[in-house]
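Structure record follows, encoded as C-alpha cells.
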DNA sequence: GTTTAGGCTTTG
C-alpha cells in the first residue's frame with residue numbers, strides 16, 4: 001500500500017445533497033466566533049458562499065476550541081473536510097461529523113496563502129493554493145467585507161462595532177457579567193465609564209493599568225460570554241465582535257459617559273475571538289501600541305534626567321504726527337500737564353549700568369520695587385524644603401503627582417505635580433507643573449523644558465504658593481512675581497479651571513488672576529537728560545517693552561538683549577562725544593505734576609516712542 | 001452514543 005495523498009473532491013455549494021459527507025471551499029459571509037454552547041462543546045456558526053452564489057450555514061461543534069476554524073473576519077476563506085450535509089427548514093445545512101477538519105485563509109487578494117489550522121497533517125498543494133487565490137478574487141467583487149470595525153478614537157455614543165485590542169485587565173463583576181479592560185492605543189473621545197470592582201478581583205499588571213488608565217476602556221460582557229472572558233489571558237490580543245456603545249450618566253456625574261457592552265447571546269456574531277500574534281492586524285496593533293507616546297512617562301523621564309544631572313555635578317520714530325516740535329525752554333516754562341513733540345540731544349542717562357534700570361511695577365498700587373535677588377529665592381526654597389510633601393494632596397482629578405528622594409546626602413523629598421487637561425497629561429512644552437522641594441537650579445531647568453513651573457509647598461489641605469519674595473511662576477527664562485501689598489493668594493486648585501479649558505495657554509496674567517496674585521510687571525525706568533539750543537530737561541522713561549523693542553522681563557536673563565540695549569544707548573548717546581556731535585532725537589514727552597507736602601514739582605515722561613530698528 | 005444551533009436584526 002503506497003502512502004500517496006488522497007485526492008480530495010470538493011463540492012460546489014449548489015451541488016450539496018442531504019445526508020452526504022463532503023469536502024468544500026467557501027468564503028465566509030458571516031460567522032460567530034467560537035463560544036461555549038449550552039451543551040458540552042464550543043460552537044461556531046459559519047455561513048459560506050461560493051461562486052455558485054449559494055449560501056451554506058454550518059453549525060460546527062467541538063470540545064476542542066482549537067479544532068474549530070480560525071476565522072477572524074468576514075471574507076476569510078475556509079476549506080472544510082468531511083462536513084455532513086443535512087436538510088433543515090428546506091435549506092441545506094452543514095454540521096460537523098467525525099473527522100471534520102478545516103483550513104482557514106486570509107481573504108485578502110495578494111496576501112500569503114498560509115493556512116490556519118490545528119491539524120498537524122494536512123494536504124495542501126499547488127491546486128489548493130490556486131483555488132484559494134481564485135476565491136479571493138471572486139470574493140473581492142462579490143462580498144462586502146467592510147465590517148463595523150472601529151478604533152476607540154472613532155466610537156460614537158450609539159453604535160455596534162468590532163474592536164481589535166489588547167487585554168490588560170479583567171475582573172469578576174457578578175454571576176452574569178464580567179469585566180474586560182482593553183486598549184487599542186487610541187483615546188475614546190468621550191468620558192468612558194469605569195465599572196466598579198473590588199481591587200482583589202482585578203487581574204492585570206497594576207502599574208500598566210495605572211499608566212494606561214486614560215486609554216483603557218471597560219467592556220462589560222454578559223451571560224454566555226462570561227466563561228470565555230474568564231479564560232482569556234492578560235496581554236492577549238482580542239477581537240471583540242459587536243460591542244455596543246451606550247450613553248449614560250450616573251447620579252454622581254455631571255456629564256454623561258460612554259459604556260461598552262457585549263450583550264448576551266450570539267446574534268450578529270456577538271462574541272470574543274483571540275487573535276494570534278502572527279495575525280497581520282495584531283502585528284499592526286502591536287507596532288502602534290509600542291509607538292504610543294505615554295506622555296506621563298516622558299514627563300517623568302525628563303524630570304529624572306534633570307534631577308540626576310543636578311545630583312551628580314554640581315532716530316526715534318513717532319506717532320502723533322499732528323504735533324510740531326516744541327523747544328525745551330518753552331516746555332519748562334509751561335504749566336503741566338501737557339504733551340509735546342521735541343527735537344533734542346541725549347546728553348546723559350541714568351543708570352549707566354543698564355540692568356539696574358529694570359524694576360518691578362504694580363499697576364494696582366503703583367509701587368516700584370527692585371527685582372529680588374536670586375539668592376532670596378534660594379533661601380525661601382531652602383526654608384520651605386522643611387515642609388515635606390503631603391501625600392494626601394497627590395494625584396487629584398486635575399494633576400498627576402510623582403515623588404522621589406534625591407540621592408545626595410541631603411535626601412530631599414521632591415514632589416512634582418503635572419497638571420492634566422481632560423484627564424490626560426500634556427506634552428512637556430504644554431504642561432504646567434507644580435514642584436515641592438526643588439532647588440533654584442532644578443526649577444530653572446524644569447522651566448526651560450515645561451510650559452510653566454510653580455514652586456509650591458504642602459499644607460494640611462492644599463498646596464500653596466511660597467512667600468511672594470519668590471517668583472510664583474517661572475516660564476522659560478522669565479520669573480513672575482506678585483505684589484505683596486495687593487495679592488491675596490488663593491488655593492492652588494483654582495488652577496484647575498484653566499486646566500479644563502480647551503487649549504490652556506497658561507498666560508501669566510490668567511494664572512495670576514485665578515491665584516489671587518497681582519502680577520508685577522517688569523519695566524525699564526531710566527532718567528534721560530535732554531538738551532536743545534534753548535535749555536535742558538530731565539525726562540523719565542517708563543517702558544515695558546516699546547521703547548527698546550525689548551521686553552523688560554527678559555533682559556536680565558539674556559546677554560544678547562543686554563548687548564542690544566547697550567548698543568541702542570551708545571547710538572543715542574555715543575560715549576566720549578562732544579555735545580555738538582551728538583545725534584538729534586525726536587520723541588514725545590508729557591509733563592505732569594508731582595505734589596508733596598512742601599512743593600509742587602513738574603516732571604516729564606517719555607511716551608509713545610520707539611527706537612527705530614535702523615538706529616542700532 | 002447524544003447534545004450543542006439552526007446566523008437574520010442586539011441594548012443589562
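In the UniProt record's numbering, the protein residues as written are 1 to 616.
Where a beta carbon is used, it is the ideal one built from N, C-alpha and C, also for glycine.
If you check the CB distance, residue 8 and residue 123 come in under 8 Å. Comparing alpha carbon positions, the residue from 340, 28 and 477 closest to residue 554 is 477.
By the beta-carbon neighbour count (other beta carbons within 10 angstroms, threshold 16), residue 355 is exposed.
Looking at the DSSP output, residue 435 shares a beta bridge with 416 and 455. Taking all protein chains shown into account, residue 94 has 16 or more neighbouring C-beta atoms within 10 Å of its C-beta and is therefore buried.
A Cβ-Cβ separation of about 5 Å places residue 605 in contact with residue 540 under the 8 Å criterion.
The closest CA to that of residue 165, considering only 201, 137 and 236, is found on 236. Looking from the CA of residue 439, the closest CA among 425, 416, 426 and 427 belongs to 416. With a contact defined as Cβ atoms closer than 8 Å, residue 104 and residue 69 qualify at about 5 Å. Judged by DSSP secondary structure, residue 184 falls outside any beta strand (DSSP E); it is assigned neither H nor E.
The three-state reading of DSSP puts residue 127 in helix, counting H, G and I together. Uninterrupted beta strand (DSSP E) stretches at least 3 residues long and entirely within the stretch 485-558 occur at 521-532 and 535-543, given in chain order. When the beta-carbon positions are compared, residue 181 and residue 201 stay at least 8 Å from each other.
The C-beta separation of residue 549 from residue 609 comes to about 11 Å, leaving the pair out of contact by the 8 Å criterion. When DSSP assignments are scanned along the stretch 559-586, the uninterrupted stretches of alpha helix (DSSP H) that are 4 or more residues long and fall wholly within it turn out to be 559-572. Contact between the stretch 328-336 and the stretch 568-588 is absent, with fewer than three C-beta pairs closer than 8 Å. Judged by beta-carbon spacing, residue 453 lies within the 8 Å limit of residue 435, meaning their Cβ atoms are closer than that value. Ranked by Cα distance from residue 108, the options 76, 238 and 87 are led by 76. In the DSSP assignment, the residues bridged to residue 85 are 94.
One alpha carbon belongs to residue 100, the other to residue 39, and they sit about 19 Å apart. The DSSP-derived three-state label of residue 212 is coil.
In chain order, 26 and 56 place their CB closer than 6 Å to the CB of residue 48, counting only its own chain and leaving out the 5 sequence neighbours on each side. Annotation: residue 290 is outside any beta strand (DSSP E); the continuous alpha helix (DSSP H) that includes it extends over 280-291. Beta-bridge partners of residue 257 (DSSP): 248. Your pair residue 213 and residue 241 does not check out as a contact, with CB atoms roughly 25 Å apart and the cut at 8 Å. For residue 492, the number of other beta carbons within 10 angstroms of its own is at least 16, and it is reported as buried. Of 342, 92 and 255, the smallest CA-CA separation from residue 534 is found for 342. For residue 145, the CB contacts under 6 Å within the same chain, skipping 5 residues up- and downstream, are 74 and 75 in chain order. Going by DSSP, residue 382 is part of the alpha helix (DSSP H) stretching over 374-384. Residue nearest to residue 11 within the set 18, 24, 17 and 20 is 24 (criterion: CA-CA distance).
Remark: fewer than three beta-carbon pairs, one from each stretch, lie closer than 8 Å, so the stretch 80-88 and the stretch 131-141 are not flagged as touching.
The three-state reading of DSSP puts residue 71 in coil, since its state is none of H, G, I, E or B. Membership of residue 449 in the alpha helix (DSSP H) is indicated by the continuous run 440-449. Within the same chain, and ignoring the five residues on either side of residue 506 in sequence, the residues whose Cβ sits closer than 6 Å to its Cβ are 432, 451 and 452.
By the C-beta density criterion, residue 345 is buried, having at least 16 other C-beta atoms within 10 angstroms.
Residue pairing of residue 422 in beta bridges, as defined by DSSP: absent, with no partner found.
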